[in-house]
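If you count by my numbering, then the sequence shown holds residues 205 to 516, one letter each, in order.
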Amino acid sequence: MLSALMVFCLTAQAAGEDAKPETLERIQILTQQGIELFKKKEYEKALGVFQEAEKLMPENPTTAYNLACAHSLMGKKKEAFECLFRSIELGYLNLAHMEADEDLAPLRGEKEWAEVAVKVKGELDRREAEAGRKAREEMREALAAREQLFAFDFELKDVDGKPLALRDFRGKAVLVDIWGTWCPPCRREVPHLVALVEKYKDKGLAVVGLSRERVAGEEAEKLVRDFAGKNGINYPCAVIDNEFLKQVPGFRGFPTLLFLDREGRVRLTHVGYSPPVVLEAMVEELLGAGAKAEPPAKKKAKERAKKRWFTR
Numbered sequence: 205m206l207s208a209l210m211v212f213c214l215t216a217q218a219a220g221e222d223a224k225p226e227t228l229e230r231i232q233i234l235t236q237q238g239i240e241l242f243k244k245k246e247y248e249k250a251l252g253v254f255q256e257a258e259k260l261m262p263e264n265p266t267t268a269y270n271l272a273c274a275h276s277l278m279g280k281k282k283e284a285f286e287c288l289f290r291s292i293e294l295g296y297l298n299l300a301h302m303e304a305d306e307d308l309a310p311l312r313g314e315k316e317w318a319e320v321a322v323k324v325k326g327e328l329d330r331r332e333a334e335a336g337r338k339a340r341e342e343m344r345e346a347l348a349a350r351e352q353l354f355a356f357d358f359e360l361k362d363v364d365g366k367p368l369a370l371r372d373f374r375g376k377a378v379l380v381d382i383w384g385t386w387c388p389p390c391r392r393e394v395p396h397l398v399a400l401v402e403k404y405k406d407k408g409l410a411v412v413g414l415s416r417e418r419v420a421g422e423e424a425e426k427l428v429r430d431f432a433g434k435n436g437i438n439y440p441c442a443v444i445d446n447e448f449l450k451q452v453p454g455f456r457g458f459p460t461l462l463f464l465d466r467e468g469r470v471r472l473t474h475v476g477y478s479p480p481v482v483l484e485a486m487v488e489e490l491l492g493a494g495a496k497a498e499p500p501a502k503k504k505a506k507e508r509a510k511k512r513w514f515t516r
């Protein structure tokens, strides 16, 4: 069974912005009631409580999961599997929890149990493919606009004291990661950026990490330098301050990724953690947009343009 707190968090996530606070609160209360009834082994009453919660939000994966647990403990295996599979379809995909949950123990000897892992993997694959498709569409729309979102430039010293400027990356698509070593989603995203460099550096991608730390000066630089060393960061990093962040209109949080095309224009911003499939889809579209063949007569003009945008 899922705890009331876990249900509240996952229910809010599933419901999105349309969720009414009073509905979420009621579901949390019902879940807590169900937990107490489980402790008393009053499974039929618990089932009724979870069914009431389901009526409030039929598409809630966590309620479907708790219904599966109730049916399981009541010996209603057919109904338990139906609810468990429905919870997976709705988005509850924590296979490790399912395999460890004692409430589902009565189901594990059944042949249908083998389908659980298959269905979780299938749903994960489907959602990953959908995320990649949406990311490509988002980047294509941004590139089709043919306008930069805002002016952006930097000329800094990296954490090793070497000059680091946007003009150093002329002709490349640049992914700027505005992050911090203190930020969990930022740290989680770093390995994906390292992998992007390895995969796409020969195709014209550059990544730059610009870190806003909670300390300043040499202390901040040491934090980033040590983190980079321990985590195999293969792209240049520098420390920035709040004044620098004013370049990003309406800056909303960490991490923020800026996608710059080969002409140095910011085409897209992305706030929050991005999984590998999303990053790769966006980068491939960004690189592809700048890699289309051009007539030889335009080649020199293109080279001149590359030089000009860095001096604007």
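All C-beta atoms, glycine included, are put in the ideal place defined by N, C-alpha and C.
Counting pairs of beta carbons, one from the stretch 338–345 and one from the stretch 303–319, are three or more of them closer than 8 Å? Verdict: no, contact absent.
Can you find a C-beta in chain D that's less than 8 Å from the C-beta of D357? Any reference to chain D falls outside this structure, which holds one protein chain only.
Continuous beta strand (DSSP E) stretch holding K361: start and end: Segment E359 to K361, the beta strand (DSSP E) holding K361.
Checking 8 Å against the spacing of the C-beta atoms, do V470 and F373 come in under that value? Not in contact: V470 and F373 (Cβ atoms no closer than 8 Å).
If you draw a straight line from the C-alpha of L400 to the C-alpha of A349, how long is it? Computed Cα separation, rounded: 25 Å.
Taking only runs that begin and end inside the stretch 439–478, name each unbroken alpha helix (DSSP H) of 4 or more residues, in chain order. Segments of the alpha helix (DSSP H) lying fully in the stretch 439–478: 446–449.
Where in the stretch 260–331 do unbroken runs of the alpha helix (DSSP H), each at least 4 residues long, occur, reported from the N-terminal end onward? Qualifying alpha helix (DSSP H) stretches, in chain order: 265–277, 281–294 and 299–304.
Decide if D362 is buried, meaning its Cβ has at least 16 other Cβ atoms within 10 Å, or exposed. D362 comes out buried.
Using three-state DSSP, classify K224 as helix, strand or coil. In the structure shown, K224 sits in coil (DSSP, three-state: anything other than H, G, I, E or B).
Need the endpoints of the beta strand (DSSP E) that V380 sits in, please. The continuous beta strand (DSSP E) containing V380 extends over residues A377 to W383.
Hey, A442 and L414 are a contact pair by Cβ (cut 8 Å); roughly how many whole angstroms apart? With a contact defined as Cβ atoms closer than 8 Å, A442 and L414 qualify at about 6 Å.
Over the uninterrupted beta strand (DSSP E) stretch that includes G413, give me the two end residues. From DSSP, the beta strand (DSSP E) with G413 extends over L409 to S415.
Could you say if the stretch 380–399 and the stretch 473–486 meet the contact criterion of at least three C-beta pairs nearer than 8 Å? Enough Cβ pairs lie closer than 8 Å, so yes.
Can you say whether A501 is buried or exposed, counting buried as having 16 or more other CB atoms within 10 angstroms of its CB? Low confidence applies to A501: its pLDDT is 40, below 50, so where it sits in the model is not reliable, and the reading given next is rough at best. It counts as exposed.
With burial defined as no fewer than 16 other Cβ atoms inside 10 Å of the residue's Cβ, what is the status of V380: buried or exposed? V380 is buried by the Cβ-count criterion.
Alpha carbon of E447 to alpha carbon of E359, nearest angstrom: CA-to-CA, the gap between E447 and E359 works out to about 14 Å.
How big is the Cα-Cα spacing for E489 and R371? E489 and R371: Cα-Cα distance of roughly 22 Å.
Taking all protein chains shown into account, do 16 or more other C-beta atoms lie within 10 angstroms of the C-beta of A318, making it buried, or fewer, making it exposed? Taking every protein chain shown into account, the CB of A318 has fewer than 16 other CB atoms within 10 angstroms, so this residue is exposed.
Can you tell me which of W386, G454, E351 and E240 puts its alpha carbon nearest to the alpha carbon of G468? The option with the nearest alpha carbon to G468 is E351.
Straight-line CA distance for L427 to W383? If you take the alpha carbons of L427 and W383, they lie about 13 Å apart.
Measuring alpha carbon to alpha carbon, tell me which of K407, R418 and A333 ends up nearest T385. Measuring from the Cα of T385, the nearest candidate turns out to be R418.
Do L297 and A321 have their C-beta atoms closer together than 8 Å? In this structure, A321 does not lie closer than 8 Å to L297 by Cβ.
Taking all protein chains shown into account, decide if L241 is buried (16 or more other Cβ within 10 angstroms of its Cβ) or exposed. The residue is buried, with at least 16 neighbouring Cβ atoms inside 10 Å.
Starting from the C-beta of K369, find all residues in its chain whose C-beta is less than 6 Å away, skip the five residues before and the five after it, and write them out in chain order. Strictly speaking, residue 369 in this sequence is Ala, with Lys absent from that position. For A369, the CB contacts under 6 Å within the same chain, skipping 5 residues up- and downstream, are E359 in chain order.
Please work out which residues of its chain come closer than 7 Å, Cβ to Cβ, to G336, disregarding the five sequence neighbours upstream and downstream, and give them in chain order. Residues V481, V482 and A485 of the same chain have their beta carbon placed closer than 7 Å to that of G336, with the five preceding and five following residues left out of the count.
Pull up the distance between the alpha-carbon of Q236 and that of A257, whole angstroms please. Going by the C-alpha atoms only, they are around 11 Å apart.
Local Cβ density within 10 Å of K504, reported as buried at 16 or more and exposed below that: Legend: pLDDT at K504 = 47, less than 50; position of this residue unreliable, value from coordinates given subsequently. It is exposed - the Cβ of K504 has fewer than 16 other Cβ atoms within 10 Å.
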